[in-house]
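Please read the structure below before turning to the comments.
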Amino acid sequence: QMQAEIVDLNYNFAEVPGRGFIKQGTLLLDPSTEQEFLSKCNLAEKKVNYIHLWLMTDLLVISRPNKKTHKQKLVAVFDLGKVNVVKEDTVVDGIDRCVLKVTTERGTVVAYSVEEDVV
Numbered sequence: 245q246m247q248a249e250i251v252d253l254n255y256n257f258a259e260v261p262g263r264g265f266i267k268q269g270t271l272l273l274d275p276s277t278e279q280e281f282l283s284k285c286n287l288a289e290k291k292v293n294y295i296h297l298w299l300m301t302d303l304l305v306i307s308r309p310n311k312k313t314h315k316q317k318l319v320a321v322f323d324l325g326k327v328n329v330v331k332e333d334t335v336v337d338g339i340d341r342c343v344l345k346v347t348t349e350r351g352t353v354v355a356y357s358v359e360e361d362v363v
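For the sequence shown, the positions run 245 to 363 when my numbering is used.
Below you can see the structure in the form of C-alpha cells.
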C-alpha cells in the first residue's frame with residue numbers, strides 16, 4: 245500500500261516513461277474541503293489556481309507548472325485505489341467542458357478542462 249505523501253520538488257514529467265496525461269485544468273475546490281485540501285497539499289500559502297492531473301499506472305499525480313523552469317512542481321500523489329473520479333459534462337463560461345471531480349483523502353478537487361483532452 246502506497247501512502248499519499250506530500251512532496252514538493254522539481255520534476256520533469258516529460259521524462260516519466262509510460263505516463264498518461266489525462267487533463268489539465270483550472271483548480272476549483274469544493275468549498276467544504278478547500279482549506280483542508282490546500283493546507284494538507286502544502287498550497288495554502290501559494291496562489292495556485294492552475295494544476296495538472298496525471299494518470300499513471302496505479303497513481304494519480306497532481307502538479308503545478310513552474311513558470312520559470314517550465315517543469316512541474318509535484319503537489320500530491322494519490323493511490324488510485326483510494327481515489328474516486330467522477331466525470332461529468334457542464335457549461336462553464338458558455339463553453340461545454342468536461343469536469344473531473346476527484347475525491348481524495350485530503351478533500352475534493354474539481355478540475356475542468358481548458359482544452360479538449362482525451363480522458
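Each residue gets a CB set at the ideal place from its N, CA and C atoms; glycine is no exception. All figures in this text were calculated on a predicted structure; none of them were measured in a lab.
- For Thr334, the closest of Lys345, Gly325, Val321 and Asn310 by C-alpha to C-alpha distance is Lys345.
- Between Leu304 and Val319, the CB-CB gap reaches or exceeds 9 angstroms.
- Counting of Cβ neighbours within 10 angstroms places Thr348 among the buried residues, the total reaching 16 or more.
- Cβ contact annotation for Leu324 (same chain, cutoff 7 angstroms, sequence separation greater than five): Asp302, Leu303 and Leu304, in chain order.
- In this structure, DSSP gives Lys345 an extended state, which the three-state scheme calls strand.
- For Lys326, the secondary structure class from DSSP, reduced to helix, strand or coil, is helix.
- An exposed status is given to Thr313, since fewer than 16 other beta-carbon atoms sit within 10 Å of its beta-carbon.
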